[in-house]
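Step one of this worksheet: look at the structure below.
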Amino acid sequence: MACIIPTPLTWSGGTEPRQVNGQMVSANYFEVLGIQPAVGRFFAADEDTKPSGNNLAVVSYSFWTNKLGSDPNIVGKSLRLNAMPYTIIGVAPRGFKGTFTFAGAEEIWIPTSMYPQVLSGFAKDFFNERRFLNTITVARLKPGVGMGQAEASLKTMESRLEKEYPKDNAGRSIALTSLSEAAVGANQHDQIALAGMMMMAVVGLVLLIACANLANLLLARAARREKEMGLRAALGASRSRLMRQMLTECTLLSLLGAVAGLVIAYAGRSVLWSFRPPFIERNDIDLSLDSHVLLFTLGIALVTGLLFGVAPALRASVPNLMETLKLGGRGGSIGWGRNTLRSLLVVSEIALSLVALVGAGLFIRSMRDAQQMDPGFESKNLFMMAFDLGALHYEEGRAQQFFREAVERADATPGVKSATIASNFPLGGGLARTVFPEGESESTGYRGMLTQLDDITPGYFDALRIPLKKGRVLSDSDRKDTTPVAVINEAMAKHFWPGQDAIGKRFHFFGDPTLREVVGVVGDTVVNNIGEAPVPLAYLPITQGFSPAVTLQVRTTGKPESVIAGVRGGIQSLDPNLAITNVQTIGEIMDQGLWAPRMGAAMLTVFGGLALLLAAFGVYGVLSYSVNQQTREIGIRMAMGAERAHVLRLVVGQGLRLAAAGLVAGVIVALLLVRQLSSLLFGVSAYDPVTFVGVGLLLLVVAFMACYVPARRATRVDPLVALRYE
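Here the sequence shown is numbered in my numbering, starting from 144 and rising by one per residue.
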């Protein structure tokens, strides 16, 4: 069992200071993971015990090669992190990216004993407090021990700790999670898993539709070859031989399709990559077509080819010799059994197309609603950049002075309308603490509410244009030596003081008896995700609580891109050793927050459109074949006086009946499946009637068009020619 504390580190070895992904780890971290160093060694058992006494570092293989030039003598050399020298003792093995790769591959590991030099602010103050220590533990299960058994043992430990430390451990729980899920967080893991399942489902739908078309094609081909198969059977060809020939032809078609699909997939990898979640880096996912992909594609091609070739092969291998030789290939009314199978295949194509198109419609509407959703602030002409003064060991007084100067430098930059400092940024989440209203605490049995916190400078609400609902905003008069105050959002006011005026109410944090007075209430804003229900949020004066890691948020008079360089240069001039990160417009952040509906809309639209096209070809093919086979029957009808309009209605009606049956089946299947998409939709129900009706009408129109062409051809049949048709 090993301890992990993810922490960003400022590396000063390049052309300019750069923030790298770091981790403080216990000495046995690499041992628990079962890996060996590529160069040098890992931490010894006693190198994570003495505070600030082990300036040692292990670097990743990619950092060693890309930043340190693959220096073979790197062990023993110095690395400057957070303005302090660290001695490199080893290089992690090639390909090892750490335990939380989706948050960005880890690049440097240092001992947990270095926390006094690495942590700052709240994290440093409460590092040794049982109630606040925020570490992650990674463990390897003993051979033969499952997750359930291990979790039961942890629950026993949980009860024992609660008895020994009732004040600190009461109500706390221990959760056991697989590393693959913990690496991205429960919410992101669920989103990625659901997105992957959705993509596989849509691809599966298109594959089934394509296979149904292939089966229909082979059935038609088998019907045209009845005379050939009958003659071969009459000449002694066995049924198994005839089946092998048909199955071979079907499998060959599937394999050719698989090869074409691989070529398209290889060419389209960059397009697929553009729909990745924003928290996944380019090097975190391998999109190469390796042996696993090739074998999977080959297997799918063989299975589908054989599976959907069985019915045509069976039909072709059992010809009715007398009927076949008697007809001699003349057109006639095709058999009911074959008509039924071909019709069922078309019905299934339309049903599957409806499912895919309903999904596309839901995501398109969701995307539109999400783009029009009010985030609670004005995101236009707004950008941000982040920096961590704690990495350079700024004390609180010096940091507060830096914040003031940073805002002044930004305000003085041409093109800037206003600037402000905040510990968090829109959709960035941030620190959350458990809040209790005055008179309540954990000792009274009151269940506190986890509340988002944002330390801000005066002018924040004006810069972001967050409306004030009641009271006042924070000002320069809110200092460390004055009454602790806070401005809260409407969600927090409604939760703690429903139906009351929150102005003048007081609250405190878990483990901290200091009361804060509410002086203002502002509108709700998005905090973690677009479309989320409003969450409680408290804005605190940055002068009353030191937060060294902050963001500078700047509103410009025009497009932010032309102003960013000037603002960044002004901040960098205050301290050349400061690493500035996460420079982006708030519009870009909002856009990244829409990755799920955007990916769903794009993928489902492409595959839904492909499914619609295949279904249209399926309807067209069945009716064209039917008209061709029934040419004599149509000629007889017209010779006996049937009008062209009657023949047109007959053929179109046959196709629309298949389409209607497919729509009914598709609606039933879609209603059973769309519930799984609810968590990825914004502002639209998974059972949205407008989407279902719209998709149904679209399919009917496409089906009518697919029916009309063969129907028109049927009306042009010359009765005399039809009666002589063979």
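Beta carbons: idealized from backbone N, C-alpha and C, even for Gly. It should be emphasised that the depicted structure is a prediction, and the values quoted were computed from it without experimental measurement.
Does the beta-carbon of residue i have 16 or more other beta-carbons within 10 angstroms, so that it is buried, or is it exposed?
i: residue 258; result: buried
i: residue 242; result: buried
i: residue 439; result: exposed
i: residue 228; result: exposed
i: residue 563; result: buried
i: residue 480; result: Below a pLDDT of 50, predicted positions are generally treated as unreliable, and residue 480, at 41, falls in that range; no measurement from the model is reported.
i: residue 909; result: Nothing can be reported for residue 909: it is not among the residues displayed for the chain, which extend from 144 to 869.
i: residue 190; result: buried
i: residue 595; result: buried
i: residue 446; result: exposed
i: residue 832; result: exposed
i: residue 473; result: Residue confidence is low: residue 473 scores 46 on pLDDT, short of 50, so the model does not pin down where it sits. Its coordinate-derived value is still stated next. Exposed: under 16 other Cβ atoms inside 10 Å.
i: residue 308; result: exposed
i: residue 598; result: buried
i: residue 836; result: exposed
i: residue 433; result: exposed
i: residue 414; result: exposed
i: residue 822; result: exposed
i: residue 341; result: buried
i: residue 355; result: buried
i: residue 145; result: buried
Which whole-angstrom value describes the C-beta separation of residue i and residue j, a residue pair presumed to lie in contact below a C-beta threshold of 8 angstroms?
i: residue 580; j: residue 648; result: 7 angstroms
i: residue 746; j: residue 163; result: So it is not a contact: roughly 34 angstroms between Cβ atoms.
i: residue 239; j: residue 357; result: In fact, because the Cβ distance is near 45 angstroms, the residues do not count as touching under 8 angstroms.
i: residue 615; j: residue 662; result: 6 angstroms
i: residue 166; j: residue 150; result: 7 angstroms
i: residue 233; j: residue 156; result: Rounded, the Cβ-Cβ distance is 17 angstroms, inconsistent with contact.
i: residue 206; j: residue 159; result: At roughly 17 angstroms, the Cβ-Cβ gap does not stay under 8 angstroms, so residue 206 and residue 159 are not in contact.
i: residue 692; j: residue 531; result: 4 angstroms
i: residue 279; j: residue 301; result: No, residue 279 and residue 301 are not in contact; Cβ-Cβ is about 17 angstroms, not under 8 angstroms.
i: residue 689; j: residue 542; result: 7 angstroms
i: residue 652; j: residue 577; result: 7 angstroms
i: residue 759; j: residue 845; result: 5 angstroms
i: residue 235; j: residue 507; result: Between residue 507 and residue 235 the Cβ distance is about 44 angstroms, and since that is not below 8 angstroms, they are no contact.
i: residue 495; j: residue 390; result: Between residue 390 and residue 495 the Cβ distance is about 24 angstroms, and since that is not below 8 angstroms, they are no contact.
i: residue 671; j: residue 574; result: Actually they are not in contact, since the Cβ atoms of residue 671 and residue 574 sit about 12 angstroms apart, beyond 8 angstroms.
i: residue 200; j: residue 253; result: 5 angstroms
i: residue 448; j: residue 394; result: 4 angstroms
What residue range does the beta strand (DSSP E) around residue i cover?
i: residue 248; result: Premise fails: residue 248 is in no beta strand (DSSP E) and is neither H nor E.
i: residue 164; result: 161-168
i: residue 531; result: 525-531
i: residue 175; result: Where residue 175 is concerned, there is no enclosing beta strand (DSSP E), although the alpha helix (DSSP H) it sits in stretches over 172-176.
i: residue 579; result: 575-580
i: residue 811; result: Taken as a continuous stretch (DSSP letters only), residue 811 belongs to no beta strand (DSSP E), being part of the alpha helix (DSSP H) at 787-816.
i: residue 383; result: Segment 382-410 is the alpha helix (DSSP H) holding residue 383; no beta strand (DSSP E) there.
i: residue 151; result: 145-154
i: residue 233; result: 227-234
i: residue 205; result: Careful: residue 205 lies outside any beta strand (DSSP E), inside the alpha helix (DSSP H) at 204-209.
i: residue 279; result: 279-281
Kindly indicate the opening and closing residues of the alpha helix (DSSP H) around residue i.
i: residue 711; result: 707-717
i: residue 550; result: 539-555
i: residue 851; result: 832-858
i: residue 605; result: 603-607
i: residue 690; result: Unbroken run through residue 690: none, as it is neither H nor E.
i: residue 589; result: Segment: none, residue 589 is in no alpha helix (DSSP H) and carries neither H nor E.
i: residue 291; result: 290-307
i: residue 221; result: Segment 221-224 is the beta strand (DSSP E) holding residue 221; no alpha helix (DSSP H) there.
i: residue 261; result: 258-261
i: residue 179; result: Run containing residue 179: none; DSSP gives neither H nor E here.
Would the segment 215-228 and the segment 283-298 be scored as touching if the rule is three or more Cβ pairs under 8 angstroms?
They do not touch, by the three-pair rule.
Jot down the residue ranges of each uninterrupted alpha helix (DSSP H) in the segment 621-675, minimum 4 residues, whole runs only, in chain order.
Runs of the alpha helix (DSSP H) inside the segment 621-675: 633-639.
Counting pairs of beta carbons, one from the segment 775-792 and one from the segment 523-538, are three or more of them closer than 8 angstroms?
The answer is no - the segment 523-538 does not touch the segment 775-792, with fewer than three Cβ pairs under 8 angstroms.
Would the segment 693-703 count as touching the segment 748-766 if we require 3 or more Cβ pairs under 8 angstroms?
Not touching, per the Cβ criterion.
Meets three-Cβ-pair contact criterion under 8 angstroms: the segment 499-508 and the segment 722-737
No, they do not touch.
Check whether the segment 792-802 and the segment 486-493 are in contact - that is, three or more C-beta pairs closer than 8 angstroms.
Yes, the segment 792-802 touches the segment 486-493.
Cβ contact (3+ pairs, closer than 8 angstroms) linking the segment 561-576 and the segment 672-688
Touching, yes.
I want to know whether the segment 544-561 touches the segment 723-732 - three or more CB-CB distances under 8 angstroms.
The way I'd put it, the segment 544-561 doesn't touch the segment 723-732; fewer than three beta-carbon pairs between them come closer than 8 angstroms.
Indicate whether the contact test is met: 3 or more Cβ pairs, each with one atom in the segment 671-683 and one in the segment 626-641, closer than 8 angstroms.
Counting C-beta pairs with one atom in each stretch, the segment 671-683 and the segment 626-641 have three or more that are closer than 8 angstroms, which means they touch.
Could you check whether the segment 504-516 touches the segment 712-723, counting it as contact only if at least three pairs of C-beta atoms, one from each stretch, sit closer than 8 angstroms?
Remark: fewer than three beta-carbon pairs, one from each stretch, lie closer than 8 angstroms, so the segment 504-516 and the segment 712-723 are not flagged as touching.
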